[in-house]
C-alpha cells in the first residue's frame, strides 16, 4: 500500500501531442458531445412523455440512451478540457472513479442489449403473449439485473488495479484511465492479472456477441410467419438493434480478445466505442424507426403550442 502512494496522480498523453491537432480535436469532440447529449436526451424525454411509446421496447431504449449519455459524460468532457492544456493530469482517485464508472455503464449496456434482444424475440416469436411475458415487473427486474451485472463487472475491474503498487513512472499513453495502460505502469508482474482481464472482458464480449447474433438469426428466420407489413417493421427494428450491437461489440472484442498489451490502435478503438457509438445510437434508432420519429414530432409540436 505504501508503494502505491508514491503515485498520487497520472499524466495522460492524450490523442496527440500536436498543439494544432489538439485545437482541431477540441472543436470536433465538443460538437460530437453536444450531438450525443442532445440526441440521447431527446430520446429519453420522448419515451418518458409519449403515451404511444409506453411499451417494453421503448422502455429499454430510453434507458439505453440514458446509459449512453452518462457513459459518454464519464469520458468526453474531461478529454475535451484536457485538449486545452499541455500537461494533462488526473488524480489517482479520479482515475479509479473514471475506470469504475466507465465499466459500470459499459457492462450494464452490454447486458441491456441482451435484454433488448430477448424483448424482440418475445415480440416477434410470441406476439400473442408479448405483453403478458414482458409485463412491467419483468421489465424492471431485467433492467435491475443489467445494472447489477454492470456493477459487479466494474467492481471486479477496480479490484484488479486499485491495490497494485504504482511507484513510477506515472505517464499513461492514453486519454482515459483504462485497464491495460494502468497494468503497464504497475511496478509488479501483472501478466496473470492481464490474462484474467482477457478472460473477464474478452471472453464475455465474444460469448455475448455470438449469442446476440444467434438470437437475431432466430428472430429473422421467424419473420416468414409475419405479414409483409409486420415483416417490414420487424426488419427495421431488428436492423437498428443489430447495427448498435455490432458498433458496440466489435471494437470491444478487438480491445480485449488478445494478449494483455497496449497497441497504437487502442486509442482509436476507445474513441469509437466511448465517444462515437453513443452519438450514433440515437441517430440509428430514430432514422430507422417511424414510430419514434412520429412520437418526437407530436411531442415537440405540442410543446411549441
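Numbering (the working numbering), first residue to last: 153 to 457. For glycine and all other residues, C-beta sits at the position ideal for the given N, C-alpha and C. Note that the structure is a prediction, hence the values are computed from the model and not measured.
Asked, Found
"Grouping DSSP H, G and I as helix and E and B as strand, with all else coil, what is residue 162?", "strand"
"Per DSSP, residue 240 is paired with what?", "164"
"Is DSSP giving residue 300 helix, strand or coil here?", "helix"
"What separation, rounded to the nearest whole angstrom, lies between the Cα atoms of residue 346 and residue 258?", "19 Å"
"Using a Cβ-Cβ cutoff of less than 7 Å, which residues in the same chain neighbour residue 196 once the five nearest sequence positions on both sides are dropped?", "214, 217, 218"
"Could you say if the region 224-244 and the region 197-208 meet the contact criterion of at least three C-beta pairs nearer than 8 Å?", "no"
"So residue 184 packs on residue 431, CB below 8 Å; how close in whole Å?", "5 Å"
"Between residue 160 and residue 244, is the Cβ-Cβ spacing less than 7 Å?", "yes"
"Hey, residue 241 and residue 162 are a contact pair by Cβ (cut 8 Å); roughly how many whole angstroms apart?", "7 Å"
"Just to confirm, is the Cβ distance from residue 324 to residue 167 under 7 Å?", "no"
"Alpha carbon to alpha carbon, what distance is there between residue 179 and residue 170?", "15 Å"
"Who are residue 324's beta bridge partners in DSSP?", "164"
"What does a CB cutoff of less than 6 Å around residue 153 pick up in its chain, not counting 5 residues either side in sequence?", "The predicted model places residue 153 with a pLDDT of 40, which falls under 50 and marks its position as unreliable, so this point remains unresolved."
"Taking just the CA atoms, how far does residue 328 sit from residue 311?", "18 Å"
"Let me confirm a value: residue 355 is counted as buried when at least 16 other C-beta atoms fall within 10 Å, else exposed. Which label applies?", "exposed"
"Using a threshold of 7 Å, state whether the C-beta atoms of residue 408 and residue 353 are closer than that.", "yes"
"Using a threshold of 7 Å, state whether the C-beta atoms of residue 426 and residue 227 are closer than that.", "yes"
"Expressed to the nearest angstrom, what Euclidean distance is found between the alpha-carbon atoms of residue 395 and residue 436?", "8 Å"
"Could you pull out every residue in the same chain whose Cβ sits closer than 6 Å to the Cβ of residue 313, ignoring the five residues on either side in sequence?", "334"
"DSSP on residue 417, reduced to helix/strand/coil?", "coil"
"Would a C-beta distance cut-off of 7 Å place residue 145 and residue 298 closer than the cut-off?", "Any question about residue 145 goes unanswered here, given that the chain covers just 153 to 457."
"Okay, do the region 274-294 and the region 374-381 touch, 3+ Cβ pairs below 8 Å being the bar?", "yes"
"With a 10 Å radius around its C-beta and 16 neighbouring C-beta atoms as the bar for buried, classify residue 441 as buried or exposed.", "buried"
"Is it the case that the Cβ atoms of residue 221 and residue 255 are separated by a distance below 7 Å?", "no"
"Please go through the same chain and pick out, in chain order, the residues whose beta-carbon is closer than 8 Å to the beta-carbon of residue 123, but skip the five residues on each side of it.", "Not covered by the structure: residue 123. The range shown for the chain is 153 to 457."
"Using CA coordinates, which residue listed in 191, 357, 343, 237 is at the minimum distance from residue 172?", "237"
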